[in-house]
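A.B. asks: Oh and the sequence shown: position 432 is 431 in numbering that gives the first Met the number 0, straight run, nothing missing.
Backbone N, C-alpha and C fix where the C-beta goes; we use that ideal spot for every residue, glycine too.
Got a structure for you, written out below as C-alpha cells; questions coming shortly.
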Amino acid sequence: MSQLFGVDVGGTFTDLVVLDAETGDVSFAKAPTTPHDPTEGVLAAIAKSDLDLRSASAFFHGTTLGINTVLEHKGAKTGVITTRGFRDVLEIARMGWPMYQLHWDQPPPLVPRVLRREVSERVRADGTVLTPFAEDEVLAEARRLVEEGVASIAVCFLHSYAFPQHERRAGQLIRKAFPGVAVTLSHQVTQEYREYERTATTVADAMIKPRMAGYLDHLGQRLRRKKFDGAFLITRCDGGVMGAREARERPIRTLISGPASGAMGGATLARWLEIDNLICADMGGTSFDAALIIGGEPSISPVTRIESLPLLVPVIELATIGAGGGSIAWIDAGGALNVGPQSAGADPGPICYGKGGVAPTFTDAALVSGVLDGSRFLGGEIALDLSAARDGIRTRIAEPLGLSVDEAAAGIVTLTEAKMAATLEELTIGKGLDPREFSLLAYGGGGPVVATALASRLGIPRVIVPSSPGTFSAWGALTLDVVHDFARTSLGSLATLRPREVTSSFAALEKRAQAALEREKVPSRKRVLLRSIDMRYEGQEHTLTLPVDRRFVTTPRLDRLREEFDARHEVVYGYSMADPVEVTAYRIRAVGSLEKPRPKPLPRGRADAVSARIGSRRVLHRESGGRREWAVFERSRLRAGNRITGPAIVEEPASTTLVGPGQELSVDTLGNLVISVGTRA
C-alpha cells in the first residue's frame, strides 16, 4: 500500500490528509497547532490518523512559518552587504503613501543601518563592469557583521541580475570564511530589476532562512526516526511544491503556502465539476483568505506585498483579513463593536475552549448562537463551554453596549460576515467582475458556517462545500505539481526586438528550468515549460504578463504579440493606447507533473435525507428575527442525491454547514454539498 499525506500548519489547527494512492480512499485528522514547536502538532495529527509512515511515498507540507517570520520581524539577525552608495535602498524604499493616513509613519526597514555595509564594486544595467570588485572589502565587512552577531547575510549588488559574477564570488568568500553564517545572493533569489524590490526580497529570504532550515531539519529528523523515507515536499506560494532542500535555500517561496494550497485544491475541484468561475473562501482559526479561479485556473501575480514590503515572488493572488474563528471581539474608544484582526490563536484560544482565554471570539458567538454544538466540536474531542462563552460575551460586549447576550453574539457574527463580504467585493467588483457569475467554494473550519450568508450578500447563486472542508487546504497540497519559476530582466522596445533575442532569452531560462526539474528527479515525460513575457506601454512603471507558446519561441510573431498585449490591456484596464510597447522580462514556469487524488463517487441514496437527520436545535438567526428551530444532519450519513431544505445544519467533525431558510442543499456524486442560495436583489 502506498500513501501520500499532506499537512497544513495553520495559526490554530494543524490539518492532515492521508490518501491511499491505490484505492483513492482519503482520511483526515486535526490537532491543535503548537506554536512553541510546530513539529509537535504535525506528529500529533499523524498519531491520530491511520497513516503508516513506513509505506508513505510522499509528504506535502504547507506552513505559515515564513510569512509569520516576516510579519512578526522575528527572523534571524541579518546583515546586508551592497554596492557602495546604495546602503540606504531599504530605508528610502518607494514614495507610496496610504492615501487617507495623513500622519502615516513609514515602517522601520527590515535591517537597521548599522548592519547594512558597503563595498567597492559597480555594474551597469547592461552587465558591463564599471568598478572592479574589491574582495578584501567584502571579507572585512562580513567580519564586522559577524562580530555584531548576525546569523544571516544578504548580498545585494547593483544590477547583479545582469552580471552575477561579483555576487557569486562574494558568496564564496563569505561561506569559506564564516561557514556557520547563512548567505543569500540576490541573483539567486530573483533575476529581475527594480533595486528596492530586489533588495527587500533578498533580505526577507535571508531573515527566514535560518529559522526555516532549522524547522525543516528538525521535522525531517523526527519523521525519519519514525521510518519515513519518502519525498519531503514543501508547498509554494505560487501553487506548486518543491523539495525540502530547495525550500531551505529559497524559503521566500513558501510565503502563504497554506492558503495557496487551498486555492489550487479549488482549481482542481472546479475542473472536476466543470465550473469556470469560482470564489475560494477559506475561514480558519486566525484569518479569512479568498482567491479567484477563472477559466479553471487561479490568478498568479509576479509580485506580492506583505504589509508595506514589496516582494518579487510569484504568488497566487489572495485577499486576506484577520477574521477567523479565533478573531477577538472588542469595543473601541468610540464605543463601537469590532472583530479582529487580533486572534486568540491556538493558545489560549476562544473562551469556550476552557484553556484560559478571556476575550470573546467569533467561535464563542457561534456557540452562543446555537450554530455550533458544544458536545460535538471536532468530533467531541473538545467540549465547548457554553456557559463560559455567554459570560464572556455578557461582561465584555453585551453589558458595555447595553445589549442582550443574544444581540451581542449576533452582532459579532454579523460584523465578521460584513468584513468578509467586503473582502469578496473588493476581489470581484473591485476588479470589474460580477460575483453573480461565480460559485462560492467554502472551506476551512469556519467557511461553511458563513458561506450562505456571504453568498446572499453578494448575490452569488451557488455555494459548494467540499468533503472535509476543515482540512481542504491540506488536501489541496496533494493536488500540486513540482514547480519552479524563472525570470530574466531584458528591457527593450518591441518595435526593435529581434526574434533571435527572444529565442536566446528563453533558451537561457529553459536551461535553468530543466536543471531544476532534474534536481527534483522529475522524469522528462512529466515536464512542462510554460513561457510568458512581461510588457508595458512606454512610460508606464508596471507590466502585464502575457503567456506565449513554444511555437512563438521558435518563430516569434512580434506583430501578433502587440495585438495580444493591447487586447489584454483592454480587458484589465478598460483601454489600450497607440504608444510604443516595451518588453521588460521573460519568464518560464517549470512544471513536473505528480500523481494526484482521483475523484471517488459517493454511494447514491434517496432524495430525502431522513436517515441523516440526528435532531434539531434552536439557532439565533438575525434575519428571521430571533431564534427558531433548525434541523440538524450528520454529514457522514448523507448520500449522493439527498436533498435538504433550510433552515438546516449539516455537522461533521471539523466543520458545520448552515443552510438558511428557503435555501436548498443537494449532495452531488462526489459528496460535495451544493447549496442553491436565494439571493437578495
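Short of 7 Å in beta carbon distance, which residues of its chain neighbour residue 520, apart from the five on each side in sequence? Order them along the chain.
C.D. replies: none
A.B. asks: Taking the straight line between their C-alpha atoms, what separation do you get for residue 676 and residue 537?
C.D. replies: 47 Å
A.B. asks: Look up residue 426 in the DSSP assignment and say whether it is helix, strand or coil.
C.D. replies: helix
A.B. asks: So, with DSSP's three-state summary, where would you put residue 67?
C.D. replies: Residue state, collapsed to three classes: helix.
A.B. asks: With a floor of 4 residues, list each alpha helix (DSSP H) that falls wholly inside the stretch 590 to 637, ordered by position along the chain.
C.D. replies: none
A.B. asks: I need the straight-line Cα distance from residue 211 to residue 343, nearest angstrom please.
C.D. replies: 24 Å
A.B. asks: Grab me the residues of residue 161's own chain with a C-beta within less than 6 Å of its C-beta, minus the 5 sequence neighbours each way, in chain order.
C.D. replies: 126
A.B. asks: The ligand COA heavy atoms versus the CB of residue 378: any closer than 8 Å?
C.D. replies: The model depicted lacks the ligand COA and carries no ligand whatsoever.
A.B. asks: Have a look at residue 672 and residue 655 and give me their C-alpha separation to the nearest angstrom.
C.D. replies: 12 Å
A.B. asks: Report the rounded CA-to-CA distance for residue 501 versus residue 483, giving the unit in angstroms.
C.D. replies: Roughly 20 Å between the two C-alpha positions.
A.B. asks: Taking 8 Å as the threshold, find out whether the stretch 583 to 593 comes into contact with the stretch 606 to 625 through three or more Cβ pairs.
C.D. replies: With the cut-off at 8 Å, the stretch 583 to 593 and the stretch 606 to 625 do not touch.
A.B. asks: Would you be able to state if there are at least three C-beta pairs under 8 Å between the stretch 328 to 336 and the stretch 359 to 377?
C.D. replies: yes
A.B. asks: If we call anything under 9 Å between Cβ atoms a contact, is residue 630 one with residue 647?
C.D. replies: yes
A.B. asks: Are the beta-carbon atoms of residue 560 and residue 532 separated by less than 9 Å?
C.D. replies: yes
A.B. asks: Let's test the definition: count the other Cβ atoms within 10 Å of the Cβ of residue 14 and tell me whether it reaches 16, buried, or not, exposed.
C.D. replies: buried
A.B. asks: Can you tell me where the alpha helix (DSSP H) holding residue 352 begins and where it ends?
C.D. replies: Taken as a continuous stretch (DSSP letters only), residue 352 belongs to no alpha helix (DSSP H), as it is neither H nor E.
A.B. asks: Put residue 15 into one of helix, strand or coil per three-state DSSP.
C.D. replies: Residue 15 sits in a strand when the DSSP states are folded into three classes.
A.B. asks: May I have the straight-line CA-CA distance separating residue 141 from residue 194, to the nearest angstrom?
C.D. replies: 21 Å
A.B. asks: Might you give, ordered along the chain, the residues of its own chain that have their beta carbon closer than 7 Å to the beta carbon of residue 680, omitting 5 neighbours on each side?
C.D. replies: A caution first: residue 680 carries a pLDDT of 35, below 50, which makes its placement in the model too unreliable to give a value.
A.B. asks: Starting from the C-beta of residue 435, find all residues in its chain whose C-beta is less than 8 Å away, skip the five residues before and the five after it, and write them out in chain order.
C.D. replies: Excluding positions up to five away in sequence, the list reads 457, 458, 459, 460, 678.
A.B. asks: Comparing C-alpha positions only, which one of 383, 378, 260 sits nearest to residue 355?
C.D. replies: 383
A.B. asks: Cα separation between residue 53 and residue 226?
C.D. replies: 5 Å
A.B. asks: Along the chain, where does the beta strand (DSSP E) containing residue 5 start, and where does it finish?
C.D. replies: Looking at the DSSP string, the run of the beta strand (DSSP E) that includes residue 5 is 2 to 8.
A.B. asks: Could you check if residue 522 is buried or exposed, using at least 16 other CB atoms within 10 Å of its CB as the buried criterion?
C.D. replies: exposed
A.B. asks: What is the rounded straight-line gap between the Cα of residue 204 and the Cα of residue 575?
C.D. replies: Within the model, the alpha-carbon separation for residue 204 versus residue 575 is close to 37 Å.
A.B. asks: Buried or exposed for residue 651, please, with buried defined as at least 16 other CB atoms from any protein chain shown within 10 angstroms of its CB.
C.D. replies: buried
A.B. asks: Looking at the secondary structure, which residues open and close the alpha helix (DSSP H) in which residue 263 lies?
C.D. replies: 256 to 272
A.B. asks: Would a C-beta distance cut-off of 9 Å place residue 534 and residue 505 closer than the cut-off?
C.D. replies: For residue 534 and residue 505, no; Cβs fall outside 9 Å.
A.B. asks: Tell me which residue opens and which closes the beta strand (DSSP E) that residue 339 is part of.
C.D. replies: 336 to 342
A.B. asks: Report, in whole angstroms, the separation of the C-beta atoms of residue 472 and residue 281, which I expect to be a contact under 8 Å.
C.D. replies: 7 Å
A.B. asks: I'd like to know whether the C-beta atoms of residue 385 and residue 351 end up nearer to each other than 9 Å.
C.D. replies: Yes, the Cβ-Cβ distance between residue 385 and residue 351 is below 9 Å.
A.B. asks: On the premise that residue 516 lies in contact with residue 526, defined as a C-beta separation below 8 Å, what is that separation, rounded to the nearest angstrom?
C.D. replies: About 5 Å; that satisfies the 8 Å criterion.
A.B. asks: Could you work out which residue in 174, 432, 620 is closest to residue 660 when comparing CA atoms only?
C.D. replies: 620
A.B. asks: Report buried or exposed for residue 94, applying the criterion of at least 16 other Cβ atoms within 10 angstroms of its Cβ.
C.D. replies: exposed
A.B. asks: Name the DSSP bridge partner or partners of residue 322?
C.D. replies: Beta-bridge pairing links residue 322 to no other residue.
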